[in-house]
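Q: As they're listed, the protein sequences go chains C and B. Heads up, the first sequence is in this note's numbering, so the first residue is 1 and it goes up one at a time. Heads up, the second sequence is in this note's numbering, so the first residue is 1001 and it goes up one at a time. Where a beta carbon is used, it is the ideal one built from N, C-alpha and C, also for glycine. Keep in mind that this is a model prediction, so the values were computed, not measured. A single structure is presented below for examination.
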Amino acid sequence: MNQTARRTALYDEHRKLGARMVEFGGFEMPVQYAGVLKEHDAVRRRAGLFDLSHMGQFRLSGERVAPWADTLTTNAVATMQPLQARYNLFCSDNGGTHDDTIFYRLGDDRWLLVVNASNAEKMWALVCDHPGGVRLENRHGEDALIAIQGPASASLLQPHVDVDLAAMRYYFCAETEVEGIPALIARTGYTGEDGFEIFVDGAYASNVWNDLLRAHHRDGLEPCGLGARDVLRLEAGMPLYGHELTEEISPVQGGQAWAVKLSKPAFTGREALAQQLESDVYARVAGLVMRGRVPAREGYAVYVGDRRVGEIRSGSFGPSVGGGKNVATALLERDAATAGTVLAVEVRGARHEADVAPMPFYKRSR
Amino acid sequence: MALPQGLLFSKDHEWVRIDGDLAVVGFTDYAQNSLGDIVYVELPKPGAHVQQFGNIGVVESVKAVSDLFTPVSGDVTEVNDALERDPAAVNRDPYGDGWFLKVRLKDTGETKQLLSSSEYEKLIAE
């Protein structure tokens, strides 16, 4: 373990639960507790509890936040209502992705910006380099983030909070309390299931974590690590920064064109992204389902016939896909990235057939 | 889990059970537990010649690929085909149903390079 890795407020809880820890985004994080498949299954069937306190949290305030953010990001910010959350991306002039993020509008002039752990320092430098009359406060590592995800999330969380969770819409939030502890609760997540993300001061994080786990472990609430989270998000077709989105892979290429609003007059990367949307020459991230039992992994080469057309960006066994299939994303030449194309993935010198498939690979029944 | 009797071990966390000149090879409980849920096992073909401590395949968990090494040299006489459909047997029963392959030994003296159960227990306690 890297000597400089930081610990979240829930580190001791993870150790007590017997978690296997890895370094991720500069923090010692639980990769698994009981096992990736068991944790994955809990989230698909009941609910899972995640420590996401490694994510970067920046508090933004002032009247200028919305116009400021609209010049730096691809999605619309000014049109957000109070207590609304919105997925958004920061790009470079050439369209490459600095980070994919979520904006939460807490009030007219108060906002929360959540960035990826691995990009937290880069993103803090970026927002500080563009002052624009916005007050910035870096809460990275100070405020904790606990997610409860899965079909039972609302019913398990409801007794602990004083807002009506059934009335909270997807991608909305509320400032409330969890067992008397001030918290921001948002109906957001990264698993393809219903669920909530709970932002609390790190000083109280273990209270919230233990209250929920002790009350509901017997109802099927499982602590879940980053291993299960990655499988869940891949099945749900959600990008992971560093894989489907990078400084070289734009949101248009990475499948997030829906969050690029060319209707906004000016924002960093707009010209490059507009050109990518019009042109057919740019590589695209596509979903792959392996026909056989061999998993595709990051970096494996992808072919159509003898022509190399790209490489795998993420790959895993997907228990919820077609009764259990190996799924992957690949950055592919434009003409190979169409559903129905038959590809071959090179695994240890042998070619294995895969089909380009629409994402998400898994969609929950509502 | 206590180590079963009569096995020898490699530092790469494979076990071997030797009966005459025939060896059965598998993953230790420690190895399967470290790797997590196993979803794919790639083994050599029967008839292949394998070299002690050589890389003979891979074992893949949900998120990771690990190399598989053989603790003994010889000719592969049989591989556990059931793992193709049920790779989780390696997690469930590493010393039983989860075995990998059987090898016809060339040189039984090679076992001097392997660890006894007490030596292996010491290794994994470190």
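Grouping DSSP H, G and I as helix and E and B as strand, with all else coil, what is S1118 of chain B?
A: It is helical.
Q: Buried or exposed: where does Q276 of chain C fall if 16 or more other Cβ atoms within 10 Å of its Cβ makes it buried?
A: Burial call: buried.
Q: Between G192 of chain C and Y303 of chain C, is the Cβ-Cβ spacing less than 8 Å?
A: No, the Cβ-Cβ distance between G192 of chain C and Y303 of chain C is not below 8 Å.
Q: So, does the CB of D1037 of chain B fall closer than 8 Å to a CB anywhere in chain C?
A: So, interface residue.
Q: Any beta carbon from chain C within less than 8 Å of Y1040 of chain B's own beta carbon?
A: It does; some Cβ of chain C falls within 8 Å.
Q: For T71 of chain C versus A259 of chain C, is the C-beta distance shorter than 8 Å?
A: No. Outside cutoff.
Q: Can you tell me the Cα-Cα spacing of V1065 of chain B and M21 of chain C, whole angstroms?
A: Going by the C-alpha atoms only, they are around 18 Å apart.
Q: Alpha carbons only, please: which of C:A186, C:G25, C:R291 is nearest the one belonging to E177 of chain C?
A: If we check each option's Cα against that of E177 of chain C, C:A186 comes out closest.
Q: Secondary structure at I249 of chain C, three-state DSSP: helix, strand or coil?
A: If DSSP states are grouped into helix, strand and coil, I249 of chain C belongs with coil.
Q: Report yes if the CB atom of P223 of chain C is closer than 8 Å to the CB atom of L232 of chain C, and no otherwise.
A: Not a contact, by the Cβ cut-off of 8 Å.
Q: Could you pull out every unbroken beta strand (DSSP E) segment of at least 3 residues lying fully inside the stretch 90-123 of chain C, listed in chain order?
A: With a minimum length of 3 residues, the continuous beta strand (DSSP E) runs that stay inside the stretch 90-123 of chain C are 97-105, 110-115.
Q: If you measure between the beta carbons of E235 of chain C and P360 of chain C, is that distance less than 8 Å?
A: Yes, they are a contact pair.
Q: For A1048 of chain B, which three-state DSSP category applies?
A: Of the three classes helix, strand and coil, the one that applies to A1048 of chain B here is coil, per DSSP.
Q: Closest by CA to V134 of chain C, which one among C:R110, C:V65, C:I181?
A: Cα-wise, what sits closest to V134 of chain C is C:V65.
Q: Please report the straight-line C-alpha distance between V1024 of chain B and A1048 of chain B, rounded to a whole angstrom.
A: Answer to the nearest angstrom: the Cα atoms are 15 Å apart.
Q: Could you name the residues of the same chain whose beta carbon sits closer than 8 Å to that of A9 of chain C, not counting the 5 residues immediately before and after it, in chain order?
A: Correct list, in chain order: S53, A144, G202, A203, A205, S206.
Q: Quick check on the DSSP output: the alpha helix (DSSP H) that includes R313 of chain C runs from which residue to which?
A: Taken as a continuous stretch (DSSP letters only), R313 of chain C belongs to no alpha helix (DSSP H), being part of the beta strand (DSSP E) at 307-318.
Q: Where does V1016 of chain B fall in DSSP's three states?
A: It is a strand residue.
Q: Anyone know if the C-beta pair for Q32 of chain C and A283 of chain C falls short of 8 Å?
A: Cβ distance not < 8 Å, so Q32 of chain C and A283 of chain C don't count as in contact.
Q: Give a yes or no on contact between the stretch 334-346 of chain C and the stretch 235-244 of chain C, applying the rule of three or more CB pairs nearer than 8 Å.
A: Cβ pair count under 8 Å is below three, so no.
Q: Which one of B:R1092, B:V1050, B:D1067, B:K1063 has the shortest CA to CA distance from E1078 of chain B?
A: When only C-alpha atoms are compared, the closest one is B:V1050.
Q: Quick one, which residues of the stretch 31-42 of chain C are near chain B if we go by CB-CB under 9 Å, in chain order?
A: Flagged, chain order: V31, Q32, G35, V36, L37, K38, H40.
Q: On the three-pair Cβ rule with 8 Å, is the stretch 1117-1126 of chain B touching the stretch 1075-1091 of chain B?
A: Not touching, per the Cβ criterion.
Q: Whole angstroms are fine: how far does the CA of R293 of chain C sit from the CA of D1086 of chain B?
A: About 11 Å.
Q: Taking the DSSP output, what are the residues bridged to T8 of chain C?
A: DSSP lists no partner for T8 of chain C.
Q: So with CB distances below 8 Å, who are the chain B contacts of G227 of chain C?
A: The contacting residues are G1036, V1062, K1063.
Q: So, is the C-beta of S365 of chain C closer than 8 Å to a C-beta in chain B?
A: S365 of chain C does not count as touching chain B.
Q: How many angstroms separate the CA atom of L165 of chain C from the CA atom of V342 of chain C?
A: Taking the straight line from one Cα to the other gives about 44 Å.
Q: For F1009 of chain B and W1015 of chain B, what's the separation of their Cα atoms in angstroms?
A: So the alpha carbons of these two residues sit roughly 4 Å apart.
Q: Looking at chain C, is there any beta carbon in it that lies within less than 8 Å of the beta carbon of E1126 of chain B?
A: No, its Cβ sits nowhere closer than 8 Å to a Cβ of chain C.
Q: Across the stretch 45-64 of chain C and the stretch 136-155 of chain C, are there enough close Cβ pairs to call them in contact, namely three or more that are closer than 8 Å?
A: Because the criterion of three Cβ pairs below 8 Å is met, the stretch 45-64 of chain C and the stretch 136-155 of chain C touch.
Q: For chain B, is any of its Cβ atoms less than 8 Å away from the one on V294 of chain C?
A: At least one chain B Cβ lies under 8 Å of V294 of chain C.
Q: Determine whether the beta carbon atoms of T268 of chain C and S92 of chain C lie at a separation below 8 Å.
A: Yes, the pair counts as a contact, with Cβ atoms nearer than the cut-off.
Q: Measuring only between beta-carbons, confirm whether V231 of chain C sits less than 8 Å from chain B.
A: Answer yes: the Cβ-Cβ gap between V231 of chain C and chain B drops below 8 Å somewhere.
Q: Could you list the residues in the stretch 315-339 of chain C with a C-beta less than 7 Å from some C-beta on chain B, going in chain order?
A: For the stretch 315-339 of chain C, which is checked against every Cβ of chain B, the residues closer than 7 Å are S316, F317.
Q: Using a Cβ-Cβ distance cut-off of 8 Å, determine whether E1121 of chain B contacts chain C.
A: With 8 Å as the cut-off, E1121 of chain B does not count as an interface residue toward chain C.
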